[in-house]
Ligand code: NOJ
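Numbering (the numbering used here), first residue to last: 15 to 532.
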């Protein structure tokens, strides 16, 4: 009798496994053999050692030590202490089977005043980290500016609002190419240039916290109607100048690639009316066309020039030629999606036309029990973004530099929502590849629970949990780390995981949204 029951139970389990396993399994073999899977971090969020070995403050040190704009507590003084624990971290990456690690260089650790002498200890650290990665077979993908501008340059001439930044950024980039370029082949000049310009200079929520004081009480200086455009313009010129230098002087021997990174969301018109459809195009032009149009065509999108008038700088012929064609790849950070509704009445704040007259609303389509901090999972929209970039700007190589689920940091190590999220988005990339997308790699944000730039230590994106109150800063793998490891190592998933993912499979039911987004 017991034997019969056992046999029956096994049969039921087998049927369940076959059903969900077949329908929802995801295999690394669906990706080309040179497709790169990795994880990302940034210097200020994980390195710590902020005051050690000659590093000087960046604008992030200043911002967090003055209270993070009253939004949350904490700072990156210690963070995950990757500065001292890099060997342990690289070992974890190797154990996971990561092909690549995306990290950023702290400019003020390498060149404490932003220009002038190099800090030998900073040089030593990035050499050590790079060598450690290479010796474990992990490709370093390096970002030069993940928002942490040396404070000295901000104080001296206002940082990115001043054109002097182009020369200083190029000189900093050259130090990196010269010192690390024999081993680093993937360089991203700027992380989320669009967010840096809008959150730092229009909304004043992030460093250097500039915006029109009439608009935001926490800004004491700035100009929301002009500075975001100026800053973006200087970023484009700084990127292009560094790329030109690399191509002229280093590419021949180092054979690397230079890219730029942008945040994008999925955008879907709320209705099929031409107003909402046009508004969706406009929001995309303001969000990514702002940079991709100059990179592809040498000028800003027409709608930006029309709406911003003389407040958006013009490219000279020479600048336009310099910027056009200056990216070898695009880095995309993708987290979630919005509905877009045309809303002329919203255009109240004069001269702030960044995404003017548009209302956005997060797409809430998940059927599962997402907590208020977790973002809805809309993988089909990543596919749309990849398709529309290809259609509008050409099929250049793309790396998904950041993608990941936010949770509260003290929530369970069994981070099911993150596992589901990663499973869905990696599946979306496999689909995008099948339909001709030139996506070359995927990086989970974030390798570790670090200092979240929009939420401090309260919010977490990590594959590894770190209790910042425990001085050992022990790395504890979450379920998502185990899931990613199994996926990377082509190991079968724990049946429980397969079944849980299967329950909330989201792909098949949203064809209508895909139609709206086209
Ligand atoms: C984008 C930023 O590049 C990264 O630093 C940040 O932690 C994540 N988004 C999540 O907010």
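Idealized CB from N, CA, C, for every residue including glycine.
Fair warning: this is a prediction, and the values are worked out from it, not measured in the lab.
- A Cβ-Cβ contact shorter than 8 angstroms links residue 268 with residue 195.
- For residue 474, the CB stays at least 7 angstroms from every heavy atom of ligand 1.
- The residues 325, in chain order, have a CB closer than 6 angstroms to that of residue 240 in the same chain once the five nearest residues on each side in sequence are set aside.
- About 37 angstroms separates the beta carbon of residue 64 from that of residue 48, a gap too long to meet the 8 angstroms contact definition.
- Under DSSP, no beta-bridge partner is assigned to residue 323.
- Shortest gap from the CB of residue 102 to any heavy atom of ligand 1: 7 angstroms or more.
- In the three-state reduction of the DSSP assignment, residue 280 falls in the strand class.
- DSSP, read as helix, strand or coil, puts residue 388 in coil.
- At least one heavy atom of ligand 1 falls within 7 angstroms of the beta-carbon of residue 416.
- For ligand 1, a non-hydrogen atom lies closer than 7 angstroms to the CB of residue 160.
- Counting the other Cβ atoms within 10 Å of the Cβ of residue 238 gives 16 or more, which makes it buried.
- DSSP places residue 159 in the strand class (E or B) of the three-state scheme.
- Judged by DSSP secondary structure, residue 344 falls outside any alpha helix (DSSP H) and instead within the beta strand (DSSP E) spanning 343–356.
- In terms of side-chain proximity, the C-beta atom of residue 206 is found nearer than 7 angstroms to a non-hydrogen atom of ligand 1.
- Here residue 154 is near residue 197, since their CB atoms are less than 8 angstroms apart.
- Taking 8 angstroms as the cut-off, the beta carbon of residue 57 is found closer than this to the beta carbon of residue 119.
- In the structure shown, residue 310 falls within a helical segment according to DSSP collapsed to helix, strand and coil.
- Residue 164 is positioned such that its CB atom lies closer than 8 angstroms to that of residue 127.
- At least one heavy atom of ligand 1 sits closer than 7 angstroms to the Cβ of residue 59.
- Within the DSSP secondary-structure output, residue 466 pairs in a beta bridge with 470.
- One Cα belongs to residue 446, the other to residue 234, and the distance between them is close to 45 angstroms.
- Inter-residue distance for residue 462 and residue 280 is about 25 angstroms (C-alpha atoms, whole angstroms).
- With at least 16 other beta carbons inside 10 angstroms of its own, residue 59 counts as buried.
- Between ligand 1 and residue 422, a heavy atom-to-CB distance of less than 7 angstroms is absent.
- Apart from sequence neighbours up to five positions away, the residues of its chain that approach residue 411 with a beta-carbon distance below 6 angstroms are 343, 452 and 454, ordered along the chain.
- If you look at residue 203, you'll find it in the beta strand (DSSP E) that goes 200–204.
- Using a C-beta cut-off of 8 angstroms, the segment 253–263 makes contact with the segment 321–339, since at least three inter-stretch Cβ pairs fall below that distance.
- Relative to the Cα of residue 158, the nearest Cα in the group 207, 436 and 358 belongs to 207.
- Judged by the Cβ position, residue 466 qualifies as a neighbour of ligand 1 at the 7 angstroms threshold, a heavy atom of the ligand being closer than this.
- Counting along the chain, no beta strand (DSSP E) covers residue 81, and no H or E run does either.
- A contact between stretches requires three or more CB pairs, one per stretch, nearer than 8 angstroms, and the segment 465–475 meets this requirement with the segment 74–88.
- When C-beta atoms of the segment 491–508 are compared with those of the segment 419–432, three or more pairs fall below 8 angstroms, so the two segments count as touching.
- Per DSSP, the beta bridge partners of residue 275 are 345.
- DSSP places residue 54 inside the beta strand (DSSP E), whose first and last residues are 50–54.
- Checking the 7 angstroms criterion, the Cβ of residue 78 is out of range of every heavy atom belonging to ligand 1.
- Ranked by how close their Cα comes to the Cα of residue 106, the residues 97, 490, 475 and 303 have 490 in first place.
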